Amino acid sequence: MTSVTSDSSSASSREQATIHLETSALALAMPWHVDRYSHAISLRQDGERSVALASVEGTSADVWPSSAPVQSARKELISCDESAILTVGMSGQSHWSMSIEEKLGGSLVFDVACRTSAKEPLLTSTYRSELGRLVVVSPTEAHLVSTTGEVLLRLETTSAGIAPPPALAMVGDLLTITAAISLPENPRGRTLRWKYAIFPGKNDENKATDCN
């Protein structure tokens, strides 16, 4: 079971805080970066950690940043052996939220949403490889592959409510996850979601633990 820690409400404390979330196979770190949180995903192998993926963030000048802008985040225990990071943020006139849950089996599940009244929003999550190369292998799956051809990580998109799976694409050496526009335009705003999970390359045999 992971311990539960939260970021401070003050900007100075946020800049010093890094929020962590770990599964049996992966470790996620969310450090403060300029004016928002970024995140990086590491492989846990033989007691060591190797950063594998890092989010590509936008700036305050971006109406549609490369990844969801996260300015506030907290970690919560959602079951006896699973934790989640819950985040919110904004850019322009739109508001974002993102939850990241650790799951038994070693995966991390990302559920992202944006509340916007824009006619044609461009909603993405973007990653760069820090270890190996990224390859899109199907419309809903991408792999992080080592120089020897070993699959280190798998990223799979899935539906979120009525929203279909987001689209995967390589833009140069960056992996983009683009939300489908699943709701009609609404001047009062609409909430658009996209969801994906990151798995270790090899299936983890971790079993559920006893809550007692």
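Our numbering puts the first residue of the sequence shown at 2, with every later residue one more than the last.
For every residue, glycine included, the Cβ atom is placed at its ideal position computed from N, Cα and C.
These numbers come from a predicted model, not from an experiment.
Residue pairing for E23: DSSP places it in a beta bridge opposite A28. When rounded, the separation of the alpha-carbon atoms in A161 and S95 is 19 Å. Y128 and G48 have their C-alpha atoms roughly 25 Å apart. A direct Cα-to-Cα measurement between L153 and C115 gives close to 30 Å. DSSP places H96 in the uninterrupted beta strand (DSSP E) bounded by S95 to E103. When C-beta atoms of the stretch 15 to 31 are compared with those of the stretch 71 to 78, three or more pairs fall below 8 Å, so the two segments count as touching. As the crow flies, the alpha-carbon of A119 is around 27 Å from that of H40. With distances taken between CA atoms, T125 lies nearest to S98 out of E102, S98, L145 and T24.
Taking G93 as the centre and dropping the five residues before and after it, the same chain places the C-beta of V64 closer than 7 Å to its C-beta, in chain order. R134 counts as exposed, since fewer than 16 other beta carbons sit within 10 angstroms of its beta carbon. Within the same chain, and ignoring the five residues on either side of H34 in sequence, the residues whose Cβ sits closer than 7 Å to its Cβ are E58. In this structure, DSSP gives A62 a state outside helix and strand, which the three-state scheme calls coil.
For A170, the enclosing beta strand (DSSP E) covers residues A168 to V172.
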